[in-house]
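Those protein sequence lines, which keep their order, are chains A and B.
For the first sequence, the working numbering gives the first residue as 2, with consecutive numbering after it.
For the second sequence, the working numbering gives the first residue as 2, with consecutive numbering after it.
All C-beta atoms in this analysis are idealised placements derived from N, C-alpha and C, irrespective of residue type, glycine included.
Below: one structure, written as structure tokens.
2 protein chains.
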Amino acid sequence: LGTEIGPILGRERDINRCGSSAHKTGRAGRIGDDAAEELRKVVEEFAIRVGKEALELATHAGRKTVRSEDIRLAVKRIQKE
Amino acid sequence: LGTEIGPILGRERDINRCGSSAHKTGRAGRIGDDAAEELRKVVEEFAIRVGKEALELATHAGRKTVRSEDIRLAVKRIQKE
């Protein structure tokens, strides 16, 4: 599953399009290059974790197809509200 | 910030490349089209939430630049371990 959802994540330069060391935005402050790469990494890990959890929930419900409700419940189980 | 990190997320067809209603994978079972769209949505929301939290943490530390340690701490605060 991990390899399936990998392509939804782009490259870090898409997070931080400016080539310089920190991309200046208006309200938001700067995001360092290392932070952009870290964000990309944690988002990918989150996507994989949600996918795995959702698949477990679908299997538990006797299905082979993951549905949107599996995704929603998976997120609930992973995230603090 | 939300608009900055949006581009890291692709389209739902990148999650589920097959044009049919459910993409069959080997070990992983199927992901319905609605589930692929839901996954894209929750991943985007997560990325935005991490970004905002990380920015707060950077500001709290007296910085204007978000560092990778802000991202890591933000994830800890958002996710159940």
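Exercise for review: Could you check what DSSP says for G52 of chain B in three-state terms: helix, strand or coil?
Suggested key: One-based indexing of the second sequence puts residue 52 of chain B at position 51. Per DSSP, reduced to three states, the secondary structure at G52 of chain B is helical.
Practice item. Inspect the beta-carbon positions of V43 of chain A and V76 of chain B and report whether they are closer than 8 Å. Key: To locate residue 43 of chain A, count along the first sequence from 1; it is residue 42. To locate residue 76 of chain B, count along the second sequence from 1; it is residue 75. One thing to note: V43 of chain A has its Cβ within 8 Å of the Cβ of V76 of chain B.
Review point. Going along the region 30-63 of chain B in order, which residues come within less than 8 Å of chain A, judged by CB to CB distance?
Key: Along the region 30-63 of chain B, going in chain order, the ones with a CB nearer than 8 Å to a CB of chain A are G30, R31, I32, G33, D35, A36, E38, E39, L40, R41, V43, V44, F47, A48, V51, G52, A55, L56, A59 and T60.
Review point. Can you tell me whether A55 of chain B is buried or exposed, with buried defined as 16 or more other CB within 10 angstroms of its CB?
Key: For this step, residue 55 of chain B is matched to residue 54 along the second sequence. Under this definition A55 of chain B is a buried residue.
Check your understanding: How long is the line joining the alpha carbons of I83 of chain B and I79 of chain B, rounded to whole angstroms?
Key -> Any answer about residue 83 of chain B is impossible in this case: the structure gives chain B only from 2 up to 82.
Check your understanding: If you check the beta carbons only, do K53 of chain B and R31 of chain A fall under 8 Å apart?
Key -> Locating residue 53 of chain B in the second sequence gives position 52, where the first residue counts as 1. Locating residue 31 of chain A in the first sequence gives position 30, where the first residue counts as 1. Between K53 of chain B and R31 of chain A, the CB-CB gap reaches or exceeds 8 Å.
Exercise for review: For G63 of chain B, count neighbouring C-beta atoms within 10 Å of its own C-beta (all shown protein chains included) and say buried if the count is 16 or more, exposed if not.
Suggested key: Walking along the second sequence from the start, residue 63 of chain B turns up at place 62. It counts as exposed.
Review point. By a C-beta neighbour count over all protein chains shown, 10 Å radius and 16 as the cutoff for buried, is E39 of chain A buried or exposed?
Key: Here the question's residue 39 of chain A lines up with position 38 in the first sequence. With a threshold of 16 other beta carbon atoms within 10 Å, E39 of chain A meets it and is buried.
Check your understanding: Which class does R1 of chain B belong to by DSSP, given the choice of helix, strand or coil?
Key -> The structure shown does not extend to residue 1 of chain B, since chain B is modelled only from 2 through 82, so no value can be given for it.
Review point. Is A36 of chain B closer than 8 Å to D71 of chain A when the C-beta atoms are compared?
Key: Counting from one through the first sequence, the residue named residue 71 of chain A turns up at place 70. Counting from one through the second sequence, the residue named residue 36 of chain B turns up at place 35. Their beta carbons are under 8 Å apart, which means D71 of chain A touches A36 of chain B by this criterion.
Practice item. Return the Cβ separation of G33 of chain B and V67 of chain A in integer angstroms, given the expectation that the two are a contact with Cβ distance under 8 Å. Key: The residue given as residue 33 of chain B occupies position 32 in the second sequence. The residue given as residue 67 of chain A occupies position 66 in the first sequence. About 6 Å; that satisfies the 8 Å criterion.
Practice item. Alpha carbon to alpha carbon, how far is S69 of chain A from L58 of chain A? Give it in angstroms, no decimals. Key: For this step, residue 58 of chain A is matched to residue 57 along the first sequence. For this step, residue 69 of chain A is matched to residue 68 along the first sequence. CA-to-CA, the gap between L58 of chain A and S69 of chain A works out to about 11 Å.
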